Every structure is written in structure tokens, then in C-alpha cells.
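*Asks:* Residue numbers (our numbering), protein chains in the order written: chain V, 1 to 318; chain B, 1 to 298; chain Y, 1 to 356; chain L, 1 to 331. Just so you know, even glycine gets a beta-carbon here, dropped at the ideal spot from N, CA and C. The model shown is predicted, which means the values in this text are computed figures rather than measured ones.
(1) What are the boundary residues of the alpha helix (DSSP H) that includes residue 168 (chain B)?
(2) Whose Cβ in chain B lies nearer than 9 Å to the Cβ of residue 153 (chain Y)?
(3) Starting from residue 170 (chain V) and walking both ways along the alpha helix (DSSP H), at which residues does that stretch end?
(4) Is the Cβ-Cβ distance between residue 138 (chain Y) and residue 308 (chain Y) less than 8 Å?
(5) What residues from chain V crowd round residue 267 (chain L), counting only those whose CB sits closer than 8 Å?
(6) To the nearest angstrom, report how far apart residue 121 (chain V) and residue 131 (chain V) are at their CA atoms.
(7) Any contact of the region 161 to 170 of chain B with the region 289 to 301 of chain Y, i.e. 3+ C-beta pairs under 8 Å?
(8) How would you call residue 55 (chain B), buried or exposed, if buried means at least 16 neighbouring beta carbons within 10 angstroms?
(9) What residues in the region 251 to 272 of chain Y have a beta carbon less than 7 Å from any beta carbon of chain L?
(10) Is residue 185 (chain Y) near residue 264 (chain B), with beta carbons less than 8 Å apart?
(11) Could you please give me the residues that DSSP links to residue 237 (chain L) through a beta bridge?
(12) Could you check what DSSP says for residue 274 (chain V) in three-state terms: helix, strand or coil?
(13) Over the uninterrupted alpha helix (DSSP H) stretch that includes residue 45 (chain B), give me the two end residues.
(14) When you check each C-beta in the region 184 to 205 of chain B against every C-beta of chain V, which residues fall closer than 9 Å?
(15) Just to confirm, are residue 226 (chain B) and residue 278 (chain B) a CB contact at a threshold of 8 Å?
(16) Quick check on residue 211 (chain B) - is its C-beta less than 8 Å from some C-beta in chain V?
(17) Using a Cβ-Cβ distance cut-off of 8 Å, determine whether residue 265 (chain V) contacts chain L.
(18) Short check: CB of residue 97 (chain L) to CB of residue 55 (chain L), under 8 Å?
(19) With a threshold of 8 Å on Cβ separation, who are the neighbours of residue 102 (chain L) within its own chain once the five nearest residues in sequence on each side are excluded?
(20) Terminal residues of the continuous alpha helix (DSSP H) containing residue 85 (chain Y)?
(21) So what does residue 230 (chain V) bridge to, in DSSP terms?
(22) How is residue 39 (chain V) classed by DSSP in three states: helix, strand or coil?
(23) Excluding sequence positions up to five away, which residues of its chain have a Cβ less than 6 Å from the Cβ of residue 66 (chain V)?
(24) Determine the chain V residues that contact residue 208 (chain B) at a beta-carbon separation under 7 Å, and present them in chain order.
(25) Does DSSP classify residue 255 (chain Y) as helix, strand or coil?
(26) Report the partner residues of residue 229 (chain Y) according to the DSSP bridge assignment.
(27) Do residue 225 (chain V) and residue 46 (chain V) have their C-beta atoms within less than 8 Å of each other?
(28) Please report the distance separating the alpha-carbon of residue 303 (chain L) from that of residue 248 (chain L).
(29) Quick check on DSSP: helix, strand or coil for residue 9 (chain B)?
(30) Of all Cβ atoms in chain Y, is any one closer than 8 Å to the Cβ of residue 137 (chain B)?
(31) What does residue 85 (chain V) reach in chain B if we use C-beta pairs closer than 8 Å?
(32) CA-CA distance, residue 14 (chain L) and residue 280 (chain L)?
(33) Can you list, in chain order, the residues of its chain whose CB lies under 6 Å from that of residue 222 (chain Y), leaving out five sequence neighbours each side?
(34) Apply the 10 Å Cβ neighbour rule to residue 13 (chain B) and answer buried if 16 or more other Cβ atoms are within range, or exposed otherwise.
(35) Let me see if you follow: with CB-CB separation under 8 Å, is residue 315 (chain Y) close to chain B or not?
(36) For the beta strand (DSSP E) containing residue 9 (chain L), list its first residue and its last residue.
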């Protein structure tokens, strides 16, 4: 399988009243066609911004993005709009991502109208019905409005809309975080089924470790705008190479009876990456931090085959 | 499509109706509109502007001989007569026409021009925004009536200048409002979703942004009509608006001022007319605010 | 380095660093300059384009065109627009001495065409009268509106609330000049309690104009206090206060009120400016010698320098008042204050003056 | 003989508006022993928060009403207590931590003042002394006392929640109600806060009612668990036993819905359908429209509590009315 998306050195900075915010600071990743890459981290780690920068919904400050052999950052105007048929996004908040003045059918039809997919109204309607069927929405809701629906159904609309143009790649930005667990499971199953049926590629952005493990083939862990660890999903949960990943996984409260030992607690809190000083960004909270950690940015290096880590003391502390 | 629109309106109406005062306001405006439209049928313009001096200060609900279009007839002064013996009720009804027109025209002008400027500033930002917003700041720095006063004082009192003065002074409010509203809506995820689908800027503004920022503009416009009517009456009261003998509530009050002791009715009724119209628009504005508030929708 | 990144750096001079309060005030003052310049330009342009020749107006009816032209020259009215505006700002030194003035920066715009007195002299002389009236109206409106707003909010949907709501609605709908005349009719003409003409020397005579001027503000502030209270009472931290066992009185007056007053203060601030303007009409109704009556007289007599001076003056005061309110606002709300001053040390907090 | 701290019997809470009558809590019974911690688990709209608010009688007025039932606390029925009596209990004997730390603190008072207030309210000490005690409380929750002069906006979310906890524990309450105390926090901060709650509760011997939608969070701190669905407690028992083998189909569905860290499941087994509208609940067993084991009587017969040793369950399968298809007839 070949990589459908390659990102190299992606940066996205924001100007804030307190200084330059390095939301994404040198992100590189590849996603294999038909696979799911999970991107996980706590709030403020830049994962959402990264997802949007890849689709150029937030204009990247630097870096290169290659999608399906094309240079995404070189595209402008019509070309960019054309490219967006192939790359779509599902948003976190099913409340604010749907235009409240549009009916369900209109919401799903909108991308098809924009790209003039169907000349005849009947064809358009058929396609909308087909999409509603795909995401298991009943036809009864055809003329309803988003505010009449619950979160799960709204998220199904978001998915149907993303699927309308037959994209190859979808950025899923916390698609289930706002949902109750029983509905969350329904949506996760739906997304997995769709991936198999339509051979979709997902970039799955989330803060929920168990969800990311469930759905991803590979995972990147982000901390303050940078990738700290990258590994196949199963392997990552067996053993973590970066002290942050270790702490993150240890902190998850497990619902397994008998596993109620005290979790290892990470001291301190996340600072926002405003004009960061050089050196490992995790160092202030890291129990293993030494002087060397604050001297230079650690590189993301392949410590073991297929497993990358950005920690200069990774070998020592293992 | 039509049926859907109807559904949305029905839902809006259901929410609006909950505020009983707002319904009263709507009924009041309806009444004024009907009176203004039928003003000529009830009282001819010549009659209410022509002098009937012998009947000056006829009391409320009194009868008197009047000359109307060359014939002499008995006339009921429902709300009495003023210093020239003109029918106060007739002048109020004809004045309603003037006030309603002023309110509507000035606000339509301000909403269209100010709104467009605000939308452009809000969506494109940068230098264009800076220029537009500085302009609005300057206009806002001169208090409303004062500015209108200065404009009419400079250009001379006439109906057209009055409209212009009030129109210009109400502009900056809509510039700021629409800009703020566009900026909020612009950052909504559904706008981002539209961009992700490949929609053009034009389509995003027209289909996704404008319809979603109309609510505050509609509310403000309703209150703005009240404000315009009040400004017009104030300017006329100072002698800078509609000139007598044309009937206008403000200039009626200005004339009546001298007869506060002898003929208080000439002072009371035009004032009540202004008050009820403004009250009605305020009530409607409150009702619209509640009915259009997205927070209450869910 | 990508172009977007460069763009980011280019914008960095817009970054607002943590300022001290003083810096904030200075920045706001600097920001005020272009706005005020714009205001003067607009007002000046309006008088420039207004029909009627001041020189001809000042001369007797039978003056010749030459005489008019000579006077125009003496007044500097023959110069181009830009020069005239420049004179307006920085002073005029004409061929004769009688039309010289130092310009707006020195609060000198020459003499009135009608009374031949320095225009700002008249304004500064009468301004304290307007201030007095405005101040009384402000105090009246605050004293009435805040308690009624609170009562209305704490008894939402009761008859009291309904009465206050309707009274406030009527208040915002009543034209000030009409209300003034109605008050005169009732209290001066019929009851003979107060004089119908007001002057600053007689405090009793200012009661009616102050009430008139205060009416609209009172109504607006009452509505604002009510809705702000209702909004704050819904907040989570009010629930926290109740969960602590704070009694209802203290929940309302200590926890809710101060938060609710933050937006009310802004509105009051904006209203101060409106009061100044409302004074124009109220003063006319009560023939009170303030800036308003100067302005109306000047307009009726086409006394250009006097109109110009009074409009610019009121706009200036209006702008300064609004600036003052913004600064005050920053002091009330620690969140905003903290943007300007690093760490806040506050004397007397929650426990001071509290009945425990 | 267990020392019962709080005993709720057949509590019903309704939200009455002009348009509808929302039945948020429909006859729940609960006991919390001294020093014990009970986890109340359920999804949005199950009535968890309403239950907690009705214990403190802080239901939104005038819509929220306790329709029937009793809430016995230290020999007193809180459902009948006066506002005056409740005020003495709130923040003193029973205190509460709310979900969103960002909005739970008053923005215009310093955190020190906010902690001191609750101490001053329920003790007779001087304001000065109260402020000193507030500083002690801050240190207890891991914040330097020097920060007591700062305002809430100067703290991060996790720190704010610590302040909220300090307020809640300041008067050494015998019962602490924690309503989703960590939902708004990041996972590493959540671990810090949970560990702190657990630690303080043990040290101060406080009973705890922990409300959460997260089975993992409850597992960290609770001894017993009650699962709530549509205003009813459908299952109740010792945490280990419930987690080991759920009795109620809804509990089973909840566990089937969550992805697990330690084993890779190919597919989740979610509960079908949606939460019912609390203004229009289904007849019979409220869960029957979504229940994979539902049979004829489920739509008509309202289930009653069946006791199975130290566990309780609300399902017709255990009343012998319908066939037990879960295969856990005997516990």
C-alpha cells in the first residue's frame, strides 16, 4: 500500500496578544491509503489545528503537504476547490457545524450542488436519499432541521455530507467526543463499516485514548504542537517509548475491575506554546528531564523499526 | 421549499406570539398604518393645513362650522382644534404618514448601506475593514441628534434633508452590528464546513453567512425605526424638520408649546401619538429579540 | 520560511503586550485623535457647504458686492477649503485683527457673528450649567433605575415586575421634550409646585428638567439592570454560592449584583454622552441657559462659528466621557483589569462589610 | 449494622413548564454509608444531576419540583426541610462540586475570599481566621497559599477545579456530591484531580456521591455503583461485581459500547436506538424499546426492584416474568 498523504515540517503559528503561538510546530506524517492514522493529545496540543491545516482550512505557516501525488499548498482558487472533493472533514461539534437554516436534505445536497454533480433534480434527490441510507438516517427526517435532532443523528448528517463527493480521505476531528457512549459506539461502528465499504482513509483526531486505539492502525501522540511518539496502535499500547505517552496511557481510568491500582500521576499542567524556548517541551513536567533536554529540540527518530520517538533520553529511561 | 419556509415562519410566529405585549405592539402599528393609508379619506390635506381661525382651540369632541373645499359643513373636532382652528385628530393622522415614512426610509437606507459596508468589513478584514470602521467610529463620535441637527442646520430644513440627516446618523450602528455578526458567523464551523466542501466566497457569504446574521439586524432595525421617528420629531420640534403648516407631530408640539395654559389638548395628543408609535416599535423589537434568540430555540 | 510565516511576523507589531493601565489610557487617547479630527472635518465641511454667505449676513442689507468681498477676505472666507480647515484647527491671522483666532487646539474659534463674543467663551461660561443638569439627571437615573431593576429581576413574572417593565417601556418611548412640557403642565401650570423656567441659580427650578432628562436613562438602565441580573443569576457560580449555604440576600447582593452591574456601568457610561445631547432639547423646553440653548439659538440665527464650536465641543466631551467609562469599566472587572496590570492586589474583598 | 449517611426513598423529581412535564427522576432509592463512595453512572438526561441537586434542594426554580419521596440525612428529611435548615446544611454538612470549573467560581472575588466565605458562613471564627484557614485549604489541594489573592481567571481549568474542591471540603462535610468533576478536564489533569478526591475523601472520612458518565472514572474512586437510565436506577451493587458481570441489559450495553484499552475489539456492541424523551417515556420497562432481550411483557409491565444478595436490579428477567436470556440468572 502506498501513502495517500504525506506531510513534512508542517507549521501553523497564530498571533495572540501574548505572543506568537506555535500551535503546530514541525509536524511530519504519512498515511497509508485505506488506513486510519490516529492523532491523539490533550487540549491545546495542536491536533485540531493540524487537521485543519492539512485541509488548508487554516492556512499553514510553513511545510509541505502532498496528497495523492499533488502539492496541496500550491493549489489556489478553483484547483483548491476541486481538490476538496477528495479530502473532506467531519467536525467535532455536530451542533455548530450544521447551518441551522438548512434542512437535512439540503445540508447533504450542498456539496453536490457546489460541484454541480447532478443536472437533474431527481438525480440529486436520489443521491441524497442514498447517502441518508448509507449513514442510517430515516427518510422521515428528509425535511427536518438540525435543531430538531439529537447529537448522534446530527453527526450522521455530518458524515453523509462528508461522503457526498466520494472523497478518498477524511479528517475526523473528534467526531464522537460530544456524544454519549452508547451513541458514540454506534457512530464508531458506522465509520468503520464505511471505511471498509468505501476504502476510505481517515486521519482520526481525538483526545480519547481508548477510542483512538480502537479505530486506528497507527497513532501519533502530540504534545504542544509537536509529535512525541509515532507507532502502530497495538504496539503503542503494549509499550511506550516516550515518558509523556507513558503517563498519558497510565492516566486513563480503566473500567476493568481488578485494574484499579493507582495511576501514575503526571505533575504540573500544560502550558500553551507561546514563543516556546528551545528544548523538549515536555521537559518541565518530565521526571526524567536532565539538562540535556532543555538544550535543543529532540528529533523524532526511529528507535525501533516502525516506532518513532522524540526524546533524547529514550534509550536510557526505558 | 415553500412548505419548509412556511414551517420556519410558523415556528417563529409561535415564539413571537408568546410575548403578548409584542402582539399589542404589532396591532398598534397595524392601526397606525391603516390610519396613515386612509388619512386622505378621513380628512383632506387642504382641510387640515388650512386655517379655520374662528374655531381656534375648539375643545375635545366639539362640533363647529368649518369651510372645507369651498363648502361650509358641521365638523366634529374629535381631539379638538389648534390655534388656527385646524383639526388635531386630522393632523395627527396625516402626521402618522410622515412619521411612518421617515422611520421606514431612513432605516432602510441605513440597513442597506451600513449593512453592506459592515458585511464587507467583517468578511474581508484588513485595510478595508480599518477604513470602514474608522469612518464608523467618527460618525459614532458625534452624538446622533446633534449630528442630524448639524446636517439639517447646514443644508437647510426640508423633508429630503431630514431623511438624509437621520439616515446618515443611523448608519454606523448597522456597520458595527453587521460586521460583528458576520465575524461571529464567519468563525462558525458550518462556514468552515462549506469551505471544506469547496464553496466559493460569494456562495459562503450569500448562503451561509447573510441568512444567519439577519436576526440582530432585524431587531435593531425595529428599534431603529423608533429612534428615527423620535429624532425626526425632535428636529421638527426645534424647527429644523418638517415645516408648518405641513402636519408633523414634532412641529405640532412646537406650535402648541405656546398654548400650554389655554389649550393643553393641542399638546397632549400629538405627544401621545409619538409615544404610542415608539412604544409599539419597542414592543415589537423586544418580541423579535425573544423570538429570534437562538439560545431560546432549543 | 514560508510566506505565510513571514506574514505572521509582519503582523507581529499588532501584538498587544501586557500594558500598564497608564499605557492603556495613553493608547486610548492617541486613538481618539484621528476620530476627533474626523469629527472636526465633518462638522467643518457641513458649515462650509451650507448655503448663505456669512459675510453678507453680517453686513447691512444694502452693502455692495465689493464690501462683501472685502469682508470675506478679512474673514479668510476667500481661501480654499483646505486652508480654511487648517485655519479652523490651528488659527487664523487675517489682514485685520477683528477676525483673528487661535484655532480649535486652543479652544478659540473667533467670535459669534451675532453677539460678537468669543464663541468658546460663551460655551465655557454655560457649560457648567449643562454639567449641573446632566449630573443631577445621572444621579437621579442611577438612584431610581438600579433598585427597580433588581426588584424587577428578583421578582420575575410578578405584578411588581410587570409594572416596572411597563413603566420602563413607557419611559423609553416618551420624547423628552414632550415629557418636559407635560411636567410643566402638571406641576407648574396646574399644581404650581415648580417654576416652568429653569435656571442654575435656583435648584428647585432644575428638578423638572432633571427629571425630564433622567426619564429615558432611567428606563434604559432599569431594563438593563433587570436583564443583566437575570442573566447573572443563571450562571454556575451563583449555584456554587447557593451550594455553599449563602443566604438568598447575599446571593443576590454580593455574588450576583456586582457581576450584573458590569454591563450596566457600560450602559450608564454611554448614557452620560446621551444625556449631554438630551440636554439640548430639555434645555430648550425649560429655557435653561446651557449649551443646548446656545446651540439652538445659533442654529436659528445661522451663527456658524457658534454652531461649529458647540457641536465640536459636545462631541469632544462625549468622546472623553466614553473614554473615562472604558477605563472605569476596566477597574470594575478584574478580568479586564488583569489584561493591563499583571498581578492584582485588592484590598477588601468578599468578606469586608459582609454580615457573617 | 451499617451506618447510613444518606438514604433516598422513592424520589421523584419533575420539571414542570407550561408546555410539558419532564419526569427527570422517577422513583429512585439509594443508601450511602459513612465513608462509602457511590458512583452514579448514566448517559445525558438520565437524571443524575437532578438527583444531586434535589439532595441539596438546589433545583432550578420554579420548574424543578420534588414530587414525592424522602431524602433522609442525619435523621432529617431534606425533602421537607425549610430553606433556612437547608442553608445550614449546604456547604457545611453536604457540599457539591460542579462539572464546569471554568464557570463555577465567581469571577470578581479572589479564590481566597471564596473559600473563606464558606468557612465564615458555617463557623463563628473571625474573617481573618477564615482567610487563614482558606490558605490551609488551598495548600491541602496543592495550590500555594500565596495565590489566594488571585482571581479565578488567573488559574487553569485543573487549578480551578482544585479551588472548587477546596471550597467543598472547607467545612469538613460528611457528604460530598461530585457532579462530573473531571469531565471538563484533560486526562492527565483528570488523574490528578481524581487521585486528590480519593485521597481527601479517605483522610476526612467523607461519604461521596460521584456522578459520571465514565465507567472508568467511577472505577477509580467508588466502592459501589448505581446505573441510571431515564430517571430510574436500573442496577445497583458493589462495583467489582457489577463490572465483572452486569445484570441489567442496559449495563451490559454500556460496557459493550466503550472501547477497551487492553484488548483490541474489532467491533463495539452498542445499544441500539436513542435515549427516550423524558417528557414522553415509554410504558412498561423504560428500556424495553432499546433492549436486545425485550419480550412481550416488557412493554406493559413496570419492573420492580429484585434483590440478588448485595445487588439490586430492575428487570423483568429477574422477577421471573420473562425468560432470562442474559444467562446470569444466578449470581
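*Replies:* Based on what the coordinates show:
(1) The continuous alpha helix (DSSP H) containing residue 168 (chain B) extends over residues 159 to 186.
(2) Ordered by position in chain B, no residue passes the 9 Å Cβ test against residue 153 (chain Y), which lies about 16 Å from the chain.
(3) That residue, residue 170 (chain V), is in no alpha helix (DSSP H); its beta strand (DSSP E) goes 169 to 173.
(4) No, they are not a contact pair.
(5) 189, 192, listed in chain order.
(6) Rounded to whole angstroms, the gap between the alpha carbons of residue 121 (chain V) and residue 131 (chain V) is 15 Å.
(7) Flag = no, the region 161 to 170 of chain B and the region 289 to 301 of chain Y do not touch.
(8) So residue 55 (chain B) ends up on the buried side.
(9) Those would be 255, 258, 259, in chain order.
(10) Remark: C-beta atoms of residue 185 (chain Y) and residue 264 (chain B) approach each other more closely than 8 Å.
(11) L:225.
(12) In this structure, residue 274 (chain V) counts as strand in the three-state DSSP scheme.
(13) 45 to 49 is the extent of the alpha helix (DSSP H) around residue 45 (chain B).
(14) If the cut-off is 9 Å between Cβ atoms, the region 184 to 205 of chain B has 188, 189, 190, 191, 192, 193, 194, 195, 196, 197, 198, 199, 200, 203 near chain V.
(15) Pairing residue 226 (chain B) with residue 278 (chain B) gives a Cβ-Cβ distance under 8 Å.
(16) Judged by the 8 Å Cβ criterion, residue 211 (chain B) is in contact with chain V.
(17) It does: the Cβ of residue 265 (chain V) has a partner Cβ on chain L nearer than 8 Å.
(18) Inclusion of residue 97 (chain L) and residue 55 (chain L) in the CB contact set at 8 Å is not warranted, their separation being larger than that value.
(19) Beyond the five residues adjoining it in sequence on each side, residue 102 (chain L) comes within less than 8 Å, by CB distance, of 157, 160, 184 in the same chain, given in chain order.
(20) Residue range 81 to 90 is occupied by the alpha helix (DSSP H) that includes residue 85 (chain Y).
(21) Beta-bridge pairing links residue 230 (chain V) to V:220, V:308.
(22) Strand.
(23) Excluding positions up to five away in sequence, the list reads 6.
(24) Within chain V, the residues whose beta carbon sits less than 7 Å from that of residue 208 (chain B) are 99, listed in sequence order.
(25) Taken through DSSP and simplified to helix, strand or coil, residue 255 (chain Y) comes out as helix.
(26) DSSP lists no partner for residue 229 (chain Y).
(27) Contact: yes.
(28) If you take the alpha carbons of residue 303 (chain L) and residue 248 (chain L), they lie about 12 Å apart.
(29) Reduced to three states, the DSSP call for residue 9 (chain B) is helix.
(30) Taking 8 Å as the CB threshold, residue 137 (chain B) lines the interface with chain Y.
(31) By Cβ distance, chain B contributes 198.
(32) Roughly 12 Å between the two C-alpha positions.
(33) If the five residues before and after residue 222 (chain Y) are omitted, its C-beta is found closer than 6 Å to the C-beta atoms of 145, 148, 149, 168, all from its own chain and listed in chain order.
(34) The residue is exposed, with fewer than 16 neighbouring Cβ atoms inside 10 Å.
(35) Yes, contact with chain B.
(36) Segment 4 to 16, the beta strand (DSSP E) holding residue 9 (chain L).
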